[in-house]
Amino acid sequence: MRLKLHIWRQKNANDGGSFATYARDDVSPDMSFLEMLDVLNEELIESGEEPVAFDHDCREGICGSCGVMINGSAHGPESGTATCQLHMRKFRDGDEIRVEPFRSRAFPILKDLVVDRSPFDEIIGAGGYISVNTGSAPEANLIPVPRDDAERAMDAAECIGCGACVAQCPNGAAQLFTSAKISHLAELPQGRPERFARATKMVEVMESYFGSCTNFAECEAVCPKGISIDFIAQMNREYLRSRFK
Amino acid sequence: MKLDGKVPAGPVAEKWTRHKFDLKLVNPANKRKFSIIVVGSGLAGASAAASLGELGYHVDCFCYQDSARRAHSIAAQGGINAAKNYQNDGDSVWRLFYDTVKGGDFRSREANVHRLAEVSVNIIDQCVAQGVPFAREYGGGLANRSFGGAQVSRTFYARGQTGQQLQLSAYQALSRQVAAGTVRMHAKTEMLDLVVEDGRARGIVTRDLADGTMASWSADAVVLATGGYANVFFLSTNAKGCNATAIWRAHRRGALFANPCYTQIHPTCIPQHGDYQSKLTLMSESLRNDGRIWVPKAGGDSRSPDQIPEAERDYYLERRYPAFGNLVPRDIASRAAKTVCDEGYGVGHGARGVYLDFADAIARLGKDAVAAKYGNLFEMYERITGEDPYAVPMRIYPAPHYTMGGLWVDYHLMSTIPGLFVIGEANFSDHGANRLGASALMQGLADGYFVLPYTIGDYLAPRMGEEPLPTDHQAFREVEGEVTDRLDRLLSVQGKRTVDSLHRELGKVCEDECGMSRDRKGLEAAIAKIQALREEYWRNVRVPGAAADLNQSLEKAGRVADYFELAELMCRDALDREESCGTHFREEYQTEEGEARRNDEDYKYVAAWEWTGAGDTPRLHKEELDFENVPPSQRSYK
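Protein chains in written order, with numbering that gives the first Met the number 0: chain C, 0 to 244; chain S, 0 to 637.
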């Protein structure tokens, strides 16, 4: 396959940055998108240039490290697929591809396609857990959990924290990410004692970094794990109920 | 050096209980006077950092990823074992202990394994309390599945993402402590060396991966939870960033490295499909519960699998191992796949693949039931290969996945450097020569939640009142200087070859000569090749950019430099061990049926290697293993 890549290059957080164009003429359709970038980087290094920096780790679509905007779409054209699992057979010979970092005011660019997503850790730190110290847990089967509740909790818990939801949202909102954790824990009996305090604190931290949700639902469309925006409604209910406690 | 495993006396089932009483305690008010460094934030590291923080210690936790949540434990799929016996099928702590010792082919320490089996039940309790959404039965109780190497159903799971859910629950417990101020989290920060003074671990030197800043950190104890070294093979199921630098640097500072040749090649991975390939993807071993493995009876049969009639298929695992069939342990399944491919029966790219067929399961259970169990795995397979596994059989081939070897530790999980503890995959302790499925998650969390928090107190208690070494001490200065020099050296070579191209070549040597089967001639040749490649590396590598910057090429370069040294030790260990056991299969030592022939007379020991300097032959120390409870026998899965 022959492709023309326009890739965002930016030396560091203070640099303005711009697109650089790279022509590729031997891309295999069986390559993953990141392997295609690997091959480009090998050539850049050999020709004395700096390779394109991008975040990646497991390359199995589960760690949430990777993620770039591909032709304006977070993680690219294949639905339910993180960048690392996207393969070049989803593109056509002769395509031009624009590759950019996940842009958001809350995710400053560190270099090229690498951004700082640490506000997500702060949101979890604000209450995205169940307060149980090691050793103080009761026997696991003591509290039955209806199968449907466990399944719904798991639907929410599948979030990989990649930040695609924020990058795609016109408002740069982090509702999908935050609501996934709030809903996961609220669905389980173990998480209910803290549910209202959790919703209050997590939403506060979320709002201090991110924009507001106005129901575009772009986040759901690009989420590599298919997290449903129903969870945003659930979060809003949790949050509102916490206001009336 | 006399290796003392410090295994407590008494019957194996009572050792841990009694020993916990004998361990010295740090009183609650004094815990805040101690500081502990934890390197790594996977299941072992995050659970340890969280638990130590809860106890009141001052903890600094480091990870190279941009968030603690992303450590590679997150990629484990199948499940976690625990001896709960919820299925009423005859499981017990003793049986889990027995299965694990046997599965490890009698090369692990009985006392450690028994402790692991004991605390396995607490792990499930803890994780459920933390909100892990494990699979449930309709009655609301926890569900189980079976896994390779066991004849009971004791594996707990959360769809095909058990590792993710356990990792996130440990990360959340850690985040709670970060918010509480007991743990300081340092993401995107890589440990590049260990500081040892007066024979004790005193701290570490790190590099901030976002801007290249070097820093020294001092503490009363250092815990390494940095995972395994399967990336020495270049192509493995590990994350691209997984590395052995922390344990290798500790090894060079005096920590013995145990059993480096025990490396697990996982049987069910998606085969390689091109030379540009960057990693291999694992498909959960749970697929073997319902998938049947076969190859065409005729070598080079190029018909599509659905055109090959039943009579012309060889279900070789069911044929060779009728009792366990497709559920034999990993080492046996992997080697059998390699054998049929070596004999010319392989399928797919380069004829390095075997079929994993779900047609029978779909006919028996229905497509929906199969989708409910394995849907996400099937989707992943289709995304990567472009083939629909509901319609055509999957093709699989073994891939490097896990390393049982690691830094030698005693019963307290302390290395041969006092004050340096090693937990999870980074140590060698519980899996012997082969790890059974669903037991890596178990070990990581056992060490972090339920073992280290007890044993580390025994080291710290007598040191009450001692001050940690200040980071401007000469010992820190010297190590910082060495680390900086090393980075500068890598940047200054400015040769012609990239880090990846040399790493790929190293990986090929390791895979060919020190992979699923080994022999003397190949290993000797491999050592020579590795030495030559290492020499080329330091003469001809090209690392662009600067040290004081975000520089992913430099990160890789340092890690690969360490792999060159580790790879050689791995081959030396494989050469020294003149027997076949578990994953270590020496061609010279096999039975007439081609099974591993163990030699308990001469090799019933842990091989712990001492670093003697660059270019020098490492020194071997032996820890003899005693099997008082599970008498060594020839493993049989027929």
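Glycine included, C-beta positions come from ideal geometry on N, C-alpha and C. Model, not experiment: these values are computed from the prediction.
Of the residues the options, the one placed nearest residue i, counting alpha carbons only
i: residue 516 of chain S; options: S:334, S:18 and S:157; result: S:334
i: residue 568 of chain S; options: S:532, S:548, S:271 and S:616; result: S:616
i: residue 449 of chain S; options: C:19, C:133 and C:190; result: C:133
i: residue 124 of chain C; options: S:218, S:179 and S:31; result: S:179
i: residue 394 of chain S; options: S:340, S:421 and S:441; result: S:340
i: residue 137 of chain C; options: C:224, C:153 and C:188; result: C:188
i: residue 239 of chain C; options: C:202, C:211 and C:41; result: C:202
i: residue 592 of chain S; options: S:320, S:359, S:544 and S:350; result: S:320
i: residue 83 of chain S; options: S:57, S:98, S:119 and S:113; result: S:119
i: residue 1 of chain C; options: C:82, C:94 and C:39; result: C:94
Three-way DSSP call (helix, strand, coil) for residue i in this model
i: residue 7 of chain C; result: strand
i: residue 401 of chain S; result: strand
i: residue 375 of chain S; result: helix
i: residue 144 of chain S; result: strand
i: residue 80 of chain S; result: strand
i: residue 31 of chain S; result: coil
i: residue 320 of chain S; result: coil
i: residue 641 of chain S; result: Nothing about residue 641 of chain S can be read from this structure; chain S reaches only from 0 to 637.
i: residue 604 of chain S; result: strand
i: residue 60 of chain S; result: strand
i: residue 230 of chain C; result: helix
i: residue 18 of chain C; result: strand
i: residue 411 of chain S; result: coil
i: residue 99 of chain S; result: helix
i: residue 110 of chain C; result: strand
i: residue 538 of chain S; result: helix
i: residue 116 of chain C; result: coil
i: residue 160 of chain S; result: coil
i: residue 588 of chain S; result: coil
Neighbour flag for residue i against chain C, beta carbons, 8 Å
i: residue 472 of chain S; result: no
i: residue 185 of chain S; result: no
i: residue 239 of chain S; result: yes
i: residue 541 of chain S; result: yes
i: residue 66 of chain S; result: yes
i: residue 137 of chain S; result: yes
i: residue 272 of chain S; result: yes
i: residue 152 of chain S; result: no
i: residue 188 of chain S; result: no
i: residue 123 of chain S; result: yes
i: residue 163 of chain S; result: yes
i: residue 552 of chain S; result: yes
Within-8 Å CB hit, residue i to chain S
i: residue 100 of chain C; result: no
i: residue 92 of chain C; result: no
i: residue 74 of chain C; result: no
i: residue 116 of chain C; result: yes
i: residue 227 of chain C; result: no
i: residue 62 of chain C; result: yes
i: residue 123 of chain C; result: yes
i: residue 6 of chain C; result: no
i: residue 189 of chain C; result: yes
i: residue 50 of chain C; result: yes
i: residue 2 of chain C; result: no
i: residue 24 of chain C; result: no
Proximal residues of chain C, C-beta to C-beta of residue i below 9 Å
i: residue 55 of chain S; result: Those within 9 Å of residue 55 of chain S in chain C number zero; the least Cβ separation is about 11 Å.
For residue j and residue i, believed in contact at Cβ under 8 Å, the rounded distance
i: residue 426 of chain S; j: residue 329 of chain S; result: Rounded, the Cβ-Cβ distance is 20 Å, inconsistent with contact.
i: residue 12 of chain C; j: residue 108 of chain C; result: 6 Å
i: residue 234 of chain C; j: residue 198 of chain C; result: 7 Å
i: residue 636 of chain S; j: residue 621 of chain S; result: Not quite, the Cβ-Cβ distance comes to about 29 Å (not below 8 Å), so this is no contact.
i: residue 291 of chain S; j: residue 356 of chain S; result: 5 Å
i: residue 17 of chain S; j: residue 27 of chain S; result: The pair is not a contact, with the Cβ atoms about 23 Å apart (cut-off 8 Å).
i: residue 482 of chain S; j: residue 38 of chain S; result: At roughly 15 Å, the Cβ-Cβ gap does not stay under 8 Å, so residue 482 of chain S and residue 38 of chain S are not in contact.
Beta-carbon neighbours of residue i, restricted to chain C and to distances below 8 Å
i: residue 369 of chain S; result: The premise fails here: residue 369 of chain S is roughly 17 Å from chain C at the closest Cβ pair, so nothing lies under 8 Å.
Chain S contact residues for residue i, given Cβ-Cβ distances below 8 Å
i: residue 80 of chain C; result: 382
Beta-carbon neighbours of residue i, restricted to chain C and to distances below 7 Å
i: residue 278 of chain S; result: 58
i: residue 174 of chain S; result: 120, 123, 124, 127 and 128
i: residue 158 of chain S; result: 153
Partner residues on chain S for residue i, Cβ-Cβ distance less than 7 Å
i: residue 213 of chain C; result: Residues of chain S passing the Cβ test: none, with the nearest at roughly 27 Å.
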